[in-house]
Amino acid sequence: MTILPPLTHTPAVRAPRIEDYALVGDLQTAALICRDGSVDWNCLPRFDSAAVFAGLLGTDEHGSWKIGPAVPAGVPAPYADRCRYMGDSLIVESEWDTVTGTVRVIDFMPPRDGHGPQLIRIVEGVTGTVEMASTLAPRFDYGRWVPWVYNRNGRTAAVSGPDALWLDTSVPGEEKDGAVHHRFAITAGTWVAFTMGWQPSHAPAPEVPDAEAALKETVAFWETWTDHLVYDGPYREAVVRALITLKALTHAPTGGIVAAPTTSLPEDLGGERNFDYRYVWLRDSSGTLSALLRTRLLEEAIAWRNWFLRSIGGDPENLQIMYRLDGGREMPERELSWLPGYENSSPVRIGNGAADQLQLDVFGEVIETLVLAHEFGVARCEDTERLILRLVDYVRLHWREPDDSIWEVRGGRRHFTYSKIMCWVAVDRVIRLVEQGVLTADLEALVALRAEIHAEVCARAYDRERNTFTQSYGSKELDAALLLLPQTGFLPADDPRVIGTVDAVRRELASDGVLVHRYRTDGQQVGMDGFSGDEGAFLLCSFWLVDALALTGRLDEAEDLFEQLLTLRSDLGLLAEEYDLVHRRQVGNFPQAFSMLGLVNSAVLLEQLRTKAATPVVAA
Numbered sequence: 031m032t033i034l035p036p037l038t039h040t041p042a043v044r045a046p047r048i049e050d051y052a053l054v055g056d057l058q059t060a061a062l063i064c065r066d067g068s069v070d071w072n073c074l075p076r077f078d079s080a081a082v083f084a085g086l087l088g089t090d091e092h093g094s095w096k097i098g099p100a101v102p103a104g105v106p107a108p109y110a111d112r113c114r115y116m117g118d119s120l121i122v123e124s125e126w127d128t129v130t131g132t133v134r135v136i137d138f139m140p141p142r143d144g145h146g147p148q149l150i151r152i153v154e155g156v157t158g159t160v161e162m163a164s165t166l167a168p169r170f171d172y173g174r175w176v177p178w179v180y181n182r183n184g185r186t187a188a189v190s191g192p193d194a195l196w197l198d199t200s201v202p203g204e205e206k207d208g209a210v211h212h213r214f215a216i217t218a219g220t221w222v223a224f225t226m227g228w229q230p231s232h233a234p235a236p237e238v239p240d241a242e243a244a245l246k247e248t249v250a251f252w253e254t255w256t257d258h259l260v261y262d263g264p265y266r267e268a269v270v271r272a273l274i275t276l277k278a279l280t281h282a283p284t285g286g287i288v289a290a291p292t293t294s295l296p297e298d299l300g301g302e303r304n305f306d307y308r309y310v311w312l313r314d315s316s317g318t319l320s321a322l323l324r325t326r327l328l329e330e331a332i333a334w335r336n337w338f339l340r341s342i343g344g345d346p347e348n349l350q351i352m353y354r355l356d357g358g359r360e361m362p363e364r365e366l367s368w369l370p371g372y373e374n375s376s377p378v379r380i381g382n383g384a385a386d387q388l389q390l391d392v393f394g395e396v397i398e399t400l401v402l403a404h405e406f407g408v409a410r411c412e413d414t415e416r417l418i419l420r421l422v423d424y425v426r427l428h429w430r431e432p433d434d435s436i437w438e439v440r441g442g443r444r445h446f447t448y449s450k451i452m453c454w455v456a457v458d459r460v461i462r463l464v465e466q467g468v469l470t471a472d473l474e475a476l477v478a479l480r481a482e483i484h485a486e487v488c489a490r491a492y493d494r495e496r497n498t499f500t501q502s503y504g505s506k507e508l509d510a511a512l513l514l515l516p517q518t519g520f521l522p523a524d525d526p527r528v529i530g531t532v533d534a535v536r537r538e539l540a541s542d543g544v545l546v547h548r549y550r551t552d553g554q555q556v557g558m559d560g561f562s563g564d565e566g567a568f569l570l571c572s573f574w575l576v577d578a579l580a581l582t583g584r585l586d587e588a589e590d591l592f593e594q595l596l597t598l599r600s601d602l603g604l605l606a607e608e609y610d611l612v613h614r615r616q617v618g619n620f621p622q623a624f625s626m627l628g629l630v631n632s633a634v635l636l637e638q639l640r641t642k643a644a645t646p647v648v649a650a
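Structural data, given as structure tokens:
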């Protein structure tokens with residue numbers, strides 16, 4: 031099956047698709063910039079702060095900053111004719127061809143070095159002369175409050191409560207209705223910079239940024255970082271862009287890694303499946319670390335391990351599935367009634383009620399990542415080793431309990447098969463460390479525990495008639511997480527039960543055998559996850575299918591599927607959480623760490639297996 035290409039997007043009115051956005055960031059927060067030149071999402075000063083531009087979840091009236099060719103009032107802003115990242119960086123270049131000339135806008139956020147967050151936009155004339163317009167309309171607290179805008183010593187300030195933005199540019203402007211408007215002509219060979227910085231409102235104004243120097247420093251930062259990458263396989267361009275995106279989702283001061291920089295981009299257009307992903311999920315960040323480790327990026331692994339030790343503290347028995355960037359545990363979920371939501375998908379939520387769930391699989395994923403870090407050369411740490419033993423002891427005491435599953439369902443706890451398998455993984459990986467002499471523990475007891483979990487899962491979660499493991503004990507439903515069976519080592523990849531499970535999931539949960547749904551949903555009623563409506567195909571699960579096919583001996587099929595999945599990326603190489611096959615577009619929070627790490631891990635695995643297949647076997 032060939033995946034249908036995305037529908038061509040030539041809007042008569044402004045209604046951007048999720049994939050029409052570029053990501054820029056400074057390793058502490060990020061901004062999404064539309065192809066029409068509008069910054070529609072930016073939380074300051076960090077990922078989980080309130081947005082000052084929230085037009086993405088409403089309209090321009092909820093906060094935006096638009097720069098582009100000037101158009102008459104009421105006429106939609108034109109989309110850029112070309113949009114690309116500058117080399118292997120997080121600097122975006124957008125170009126518009128107009129009847130009078132071509133203009134380029136360069137957008138970036140320089141990594142912080144003693145200064146607050148800055149968003150810099152450089153307008154550069156390429157050919158001819160182009161009339162340009164800039165409208166900066168910040169709306170604080172997720173589009174709720176109009177700021178006080180005033181001029182001080184030639185600088186523009188926008189202040190609301192504890193927050194202040196400072197705008198610097200050489201172009202004269204005027205304030206109207208809480209927005210700052212600039213109109214100017216740009217000619218070939220000239221450029222104008224607009225720099226916006228955030229400060230607490232009680233603090234002195236920040237220094238005026240040097241846009242040209244900041245651009246050079248930002249280019250140098252990304253060139254230096256990407257020089258450390260070791261991957262050089264056939265999909266290098268896609269892998270490097272995914273890794274840069276994952277790096278952009280890290281919070282440099284703490285080492286935490288957010289699942290996505292956005293909240294409430296819908297999994298079901300017009301529906302209620304809208305959640306806040308601006309937190310550090312242990313599962314998601316463990317997967318991100320796995321992708322970074324496999325490409326030999328060890329610095330991030332050390333930073334995350336330190337974040338993990340601080341966040342868990344001395345209380346691993348009360349492990350949460352997610353934390354705030356600073357390790358905080360409180361993230362109460364609430365709805366923002368004044369925001370209509372992306373394409374009227376409501377409610378818009380901030381905070382996340384799933385933080386209090388029990389998800390037993392997390393213990394396996396965290397331990398596996400810590401073991402992987404050790405195997406890739408991250409120095410041993412006695413605190414980490416003690417913590418691993420406490421985590422596996424928790425598994426020993428609680429693995430028989432029902433939980434809320436990897437998918438954070440809100441329809442009641444069950445004995446989810448994948449959760450039990452990951453409990454087995456937790457024990458198995460600790461056994462490996464004990465056998466290597468890294469840890470000291472009762473090996474005989476651990477081996478017995480591993481065998482006990484294995485026997486129960488095989489007895490209670492396996493459907494002999496259909497030759498497949500099921501979503502939970504006694505269920506007939508399937509779960510895409512079972513595609514991870516070949517990777518876990520729970521059974522050999524060539525075991526008929528593993529192959530049967532992969533085939534069953536592909537048959538029952540994948541659209542035409544390609545794009546995989548997490549589990550079945552019914553748009554007409556509330557499903558097992560506690561929500562109504564359907565959702566798109568989960569892109570990470572589709573990469574899991576690539577891996578499962580490759581590991582079960584179907585490498586050609588896996589490579590074909592992987593290449594089809596690459597066509598779903600935006601033209602900037604980004605992926606959201608899901609893909610809507612009906613509307614042929616990306617849905618869910620964007621860009622999504624899960625999707626990008628799935629791409630990296632699949633590419634690395636395919637390269638390893640293809641290299642192995644091509645290596646001649648030398649006779650003994």
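First residue of the sequence shown? That's 31 in the working numbering, and the numbers climb one at a time after it.
In this text, a Cβ means the ideal position worked out from N, Cα and C, and glycines have one as well.
Under the rule that 16 or more other beta-carbon atoms within 10 Å means buried, what is L34, buried or exposed? Position 4 of the sequence shown, counted from the first residue, corresponds to residue 34. Residue confidence is low: L34 scores 49 on pLDDT, short of 50, so the model does not pin down where it sits. Its coordinate-derived value is still stated next. That one is exposed.
For the segment 473-488 and the segment 442-450, state whether three or more C-beta atom pairs, one from each stretch, are separated by less than 8 Å. yes
Measure the C-alpha to C-alpha separation of P46 and C64 and round it to an integer number of angstroms. Reading the sequence shown from its first residue, position 16 is the one you call residue 46. Reading the sequence shown from its first residue, position 34 is the one you call residue 64. So the two alpha carbons sit approximately 7 Å from each other.
Classify F77 as helix, strand or coil using the three-state DSSP reduction. Counting from one through the sequence shown, the residue named residue 77 turns up at place 47. Coil at F77, not helix or strand.
Taking the alpha-carbon positions, what's the G530 to L635 distance? Translated into positions along the sequence shown, residue 530 becomes position 500. Translated into positions along the sequence shown, residue 635 becomes position 605. Taking the straight line from one Cα to the other gives about 21 Å.
Would you report the Cα separation of D50 and S68, rounded to the nearest angstrom? By 1-based counting over the sequence shown, the position of residue 50 is 20. By 1-based counting over the sequence shown, the position of residue 68 is 38. Their backbone Cα atoms lie some 11 Å apart in a straight line.
Quick check on DSSP: helix, strand or coil for Y115? Along the sequence shown, read from residue 1 onward, the residue named residue 115 stands at position 85. Note: Y115 maps to strand in three-state DSSP.
Could you work out which residue in K277, Y172 and A475 is closest to R364 when comparing CA atoms only? Taking the first residue of the sequence shown as position 1, residue 364 is located at position 334. Ranking the options by Cα distance to R364, first place goes to Y172.
Check whether the Cβ atoms of L355 and F77 sit closer than 8 Å, and answer yes or no. The count along the sequence shown starts at 1 and reaches residue 355 at position 325. The count along the sequence shown starts at 1 and reaches residue 77 at position 47. Their beta carbons are under 8 Å apart, which means L355 touches F77 by this criterion.
Name, in chain order, the residues that DSSP records as bridge partners for K96. As a first step, residue 96 must be located in the sequence shown, where it is residue number 66. K96 pairs with S68 and T165.
Taking the alpha-carbon positions, what's the E405 to A523 distance? Sequence index remark: in the sequence shown, residue 405 carries index 375 (1-based). Sequence index remark: in the sequence shown, residue 523 carries index 493 (1-based). Those two C-alpha atoms are separated by around 22 Å.
With DSSP as the reference, label D137 as helix, strand or coil. Mapped onto the sequence shown, residue 137 falls at position 107. Strand, per DSSP.
F399: first and last residue of the uninterrupted alpha helix (DSSP H) it sits in: On the sequence shown, position 369 is the one that residue 399 refers to. Residue identity differs from the one stated: residue 399 is Thr in this sequence, not Phe. Residues D391 to E405.
Within the continuous alpha helix (DSSP H) that includes F592, where are the two ends? Looking up residue 592 in the sequence shown gives position 562. F592 -> alpha helix (DSSP H) spans L585 to L596.
Nearest to L655 (by Cα), restricted to the options V396, D434 and E302: Residue coverage of the chain in this structure runs from 31 to 650, which leaves residue 655 outside it and unanswerable.
Provide the residue span of the alpha helix (DSSP H) that contains N631, from first to last. Taking the first residue of the sequence shown as 1, we reach residue 631 at position 601. From DSSP, the alpha helix (DSSP H) with N631 extends over A623 to A644.
Helix, strand or coil for V556 per DSSP? Here residue 556 is taken as the residue at index 526 of the sequence shown, counted from 1. Residue placement at V556 cannot be trusted, given a pLDDT of 49 that sits under 50; what the coordinates show is reported in the next sentence. Coil at V556, not helix or strand.
In angstroms, rounded to a whole number, what distance separates the CA positions of D458 and A478? Numbered from 1 along the sequence shown, position 428 holds the residue referred to as residue 458. Numbered from 1 along the sequence shown, position 448 holds the residue referred to as residue 478. Taking the straight line from one Cα to the other gives about 11 Å.
Consider the Cβ of L339: report whether some Cβ of chain D lies at a distance smaller than 8 Å. Given the protein chain composition of this structure (a single chain), no chain D is represented.
Given Q387, which residues of its chain have a CB within under 7 Å of its CB, disregarding the five upstream and five downstream residues? As a first step, residue 387 is located in the sequence shown; it is residue number 357 there, counting from the start. Excluding residues within five positions, the ones whose Cβ falls inside 7 Å are I351, D434 and E438.
Leaving out five residues before and five after W311 in sequence, what residues of the same chain have Cβ atoms less than 6 Å from its Cβ? Here residue 311 corresponds to residue number 281 of the sequence shown, with the count starting at 1. A289 and M352.
Endpoints, the beta strand (DSSP E) within which A209 is located: Position 179 of the sequence shown holds residue 209. Note, A209: beta strand (DSSP E), A209 to T217.
Please confirm whether T582 and V544 have their CB atoms less than 8 Å apart. For the purposes of this step, residue 582 is taken as residue 552 along the sequence shown, with counting starting at 1. For the purposes of this step, residue 544 is taken as residue 514 along the sequence shown, with counting starting at 1. No. Outside cutoff.
Please say whether W221 and V122 have beta carbons closer to each other than 8 Å? Translated into positions along the sequence shown, residue 122 becomes position 92. Translated into positions along the sequence shown, residue 221 becomes position 191. No, these two residues do not count as a Cβ contact at 8 Å.
Give the straight-line distance between the Cα atoms of T254 and V260, rounded to the nearest whole angstrom. As a working note, residue 254 is residue 224 in the sequence shown. As a working note, residue 260 is residue 230 in the sequence shown. Those two C-alpha atoms are separated by around 13 Å.
What would DSSP say about F170, mapped onto helix, strand or coil? For this step, residue 170 is matched to residue 140 along the sequence shown. Note: F170 maps to helix in three-state DSSP.
Cα separation between T414 and G184? Position 384 of the sequence shown, counted from the start, is the residue given in the question as residue 414. Position 154 of the sequence shown, counted from the start, is the residue given in the question as residue 184. For T414 and G184, the distance between alpha carbons rounds to 53 Å.
Beta-carbon proximity of V163 to A100, cut-off 8 Å: Taking the first residue of the sequence shown as position 1, residue 163 is located at position 133. Taking the first residue of the sequence shown as position 1, residue 100 is located at position 70. According to the sequence shown, residue 163 is Ala rather than Val. In contact: A163 and A100 (Cβ atoms closer than 8 Å).
Here's the rule: buried if 16 or more other CB atoms are within 10 angstroms of the residue's CB, otherwise exposed. What is A633? Reading the sequence shown from its first residue, position 603 is the one you call residue 633. By the neighbour-count rule (16 or more Cβ atoms within 10 Å), A633 is buried.
With 16 other Cβ atoms within 10 Å as the buried cut-off, status of D240: The residue given as residue 240 occupies position 210 in the sequence shown. The residue is exposed, with fewer than 16 neighbouring Cβ atoms inside 10 Å.
Whether or not the segment 561-578 and the segment 597-608 are in contact is what I'm after, with contact meaning three or more pairs of Cβ atoms, one per stretch, closer than 8 Å; do they touch? yes
Specify the secondary structure class of P283 as computed by DSSP and reduced to three states. Within the sequence shown, numbered from 1, the residue matching residue 283 stands at position 253. If DSSP states are grouped into helix, strand and coil, P283 belongs with coil.
Quick check: the Cα distance between L400 and R335, rounded to an integer number of angstroms? On the sequence shown, position 370 is the one that residue 400 refers to. On the sequence shown, position 305 is the one that residue 335 refers to. Their Cα atoms are separated by approximately 8 Å.
How long is the line joining the alpha carbons of P432 and I451, rounded to whole angstroms? Numbered from its first residue, the sequence shown carries residue 432 at position 402. Numbered from its first residue, the sequence shown carries residue 451 at position 421. Whole-angstrom Cα-Cα distance: 13 Å.
Starting from M452, follow the alpha helix (DSSP H) in both directions and report where the run begins and ends. Walking along the sequence shown from the start, residue 452 turns up at place 422. Its alpha helix (DSSP H) spans residues T447 to E465.
Distance between T199 and D143 (C-alpha atoms, nearest Å): On the sequence shown, position 113 is the one that residue 143 refers to. On the sequence shown, position 169 is the one that residue 199 refers to. Answer to the nearest angstrom: the Cα atoms are 22 Å apart.
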